[in-house]
Amino acid sequence: MDYISPKEAALKVKRWPKDTIAAGRCNTVGLKSDSTVTTVGDNKYGQCDVSGWRDIVAVAASNVHMATNTGNAHTIGLKSDSTVAAVGWNKHDQCDVNDWRDIVAVTAGWRRTIGLKSDGTVVAVGRNNEGQCNVSGWRDIVAVAAGDWHTIGLKLDGTVTAVGNNRYRQCNVSGWRDIMAVAAGYLHTIGLKSDGTVTAVGLNKHDQCDVSGWRGIVAIAAGSKHTIGLKSDGNVMAVGLNEYGQCNVSDWRDIVAIAAGCGHTVGLKSDGTVVAVGDNEYGQCDVSGWHGIQLPNN
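One point on numbering: in the numbering used here, the residue at position 151 of the sequence shown is 160, and numbering is uninterrupted.
Listed below in structure tokens is the structure:
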């Protein structure tokens, strides 16, 4: 019998996060219980052309800040055979994932795609002008998150690593400990600690990093300029820019998963239906008819 080190064994049993809802710049993506995918919103670059996808186990949507030159987007699907599907804008080869193998988690930033492999290493394609794809040296990673220009990796020991733009100190995570989940927005980074509290670094112009008082949090999501926290009782917290009502989640109940787009917020309920608030210019919040969305693995 081949020897497996304790670290390798821990990596094998780690429950990699499998997002069944995702929110991008102008679209929302949902993974259905039959392993197909549904989307609403802007389809200018074919980022909603997922009707042919099958055997999907997780989804990701590129999330970028709201500016006239950033509406371009792509959508990623992780398949049950650990390969990856991609549709949408591909100017920077961010959809060139056909040769990826052994992938256990995916995330998408502006103009790039990040994949986590089962051995704890990370692969990246797309624009790298600020070093946001310099992940080839990463090891022992169990989760990844992508902001606009920075990439975050959560390590097996609960520490965090970061590459890319650090203008607002959004990559200053080297001192973080006991982290169990990470999220990245436009210019800020969020970490969920094992005790249910939340930490944040980066731009705080809209109070998107004001999470120090949060307690009992079990999941986090970061939009461009807002931050969402899911509580253990199924309620939802929100801080940050609320220009489009993307933080109006105080009346949400029975939520089991959350996603944050550029200016909208999405919640998955325990019955497989979905709620959304915020910017709806492209119909990205028109999810009231959705049902049978796959619940996250616990």
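Even for Gly, the Cβ is constructed at its ideal location relative to N, Cα and C.
Notebook entry, point to check: Could you give the C-beta distance for residue 308 and residue 155, rounded to a whole number, given that I count them as a contact under 8 Å?
Noted result: Because residue 308 is not part of the residues shown, which for the chain are 10 to 307, the question remains open.
Notebook entry, point to check: Measuring CA to CA, which of 54, 55, 52 and 30 is closest to residue 45?
Noted result: 30
Checklist line | Beta-carbon gap between residue 271 and residue 34 smaller than 7 Å | finding: yes
Next item on the list: May I ask you to report which of helix, strand or coil DSSP gives residue 167?
Entry: coil
Checklist line | For residue 36, the three-state DSSP class (helix, strand or coil) | finding: strand
Check: Shortest alpha-carbon distance to residue 229 belongs to which of 253, 265 and 74?
Finding: 265
Notebook entry, point to check: DSSP puts residue 196 in a beta bridge; with which residues?
Noted result: Residue 196 pairs with nothing; no bridge assigned.
Checklist line | Distance CB(residue 316)-CB(residue 273) smaller than 7 Å | finding: Since the first residue shown for the chain is 10 and the last is 307, residue 316 is missing from the structure and cannot be characterised.
Notebook entry, point to check: According to the neighbour-count rule (16 or more other Cβ atoms, all chains shown, within 10 Å of its Cβ), is residue 50 buried or exposed?
Noted result: buried
Notebook entry, point to check: Is the region 209-217 close to the region 178-195, with three or more CB pairs under 8 Å?
Noted result: yes
Note to self: Assuming the contact rule is C-beta atoms closer than 8 Å, residue 171 and residue 130 should be a hit. Round their C-beta distance to whole Å, please.
What the structure shows: Wrong, their Cβ atoms sit about 16 Å apart, outside the cutoff.
Checklist line | Those runs of the beta strand (DSSP E) which lie wholly inside the region 38-108 and span at least 3 residues | finding: 46-50, 65-70, 83-88 and 93-97
Check: residue 186: buried (16+ other C-beta within 10 angstroms of its C-beta) or exposed?
Finding: exposed
Margin query: Between the alpha carbons of residue 43 and residue 301, how many angstroms are there, rounded?
Written below: 8 Å
Next item on the list: Round the Cβ separation of residue 39 and residue 283 to the nearest angstrom and send it over; I've been treating them as touching at under 8 Å.
Entry: 6 Å
Checklist line | Residue span of the beta strand (DSSP E) that contains residue 277, given as start and end | finding: 273-278
Margin query: Give me the DSSP bridge partner(s) of residue 235.
Written below: 249
Checklist line | Residue burial classification, residue 233 (beta-carbon count within 10 angstroms, cutoff 16) | finding: buried
Next item on the list: Have a look at 296, 127 and 211 and flag the residue whose alpha-carbon is nearest the alpha-carbon of residue 158.
Entry: 211
Checklist line | Inter-residue spacing [alpha-carbon to alpha-carbon] between residue 57 and residue 177 | finding: 32 Å
Next item on the list: Pick out whichever of 37, 153, 143 and 47 has its Cα sitting closest to the Cα of residue 65.
Entry: 47
Note to self: Which of the three DSSP states is assigned to residue 212 in this structure?
What the structure shows: coil
Check: Under the DSSP definition of a beta bridge, which residues are partnered with residue 126?
Finding: 112
Item checked: Pair within 7 Å by beta-carbon distance, residue 152 and residue 142 -> no
Item checked: Beta-carbon proximity of residue 203 to residue 225, cut-off 7 Å -> no
Notebook entry, point to check: What number of angstroms, rounded off, separates the C-alpha of residue 308 from the C-alpha of residue 268?
Noted result: Any answer about residue 308 is impossible in this case: the structure gives the chain only from 10 up to 307.
Checklist line | Span separating the alpha-carbon of residue 263 from that of residue 280 | finding: 9 Å
Next item on the list: May I ask which residues mark the beginning and end of the beta strand (DSSP E) holding residue 150?
Entry: 150-155
Next item on the list: Under 8 Å by Cβ, that's how I've got residue 111 and residue 126 pegged, so tell me the actual separation to the nearest angstrom.
Entry: 5 Å
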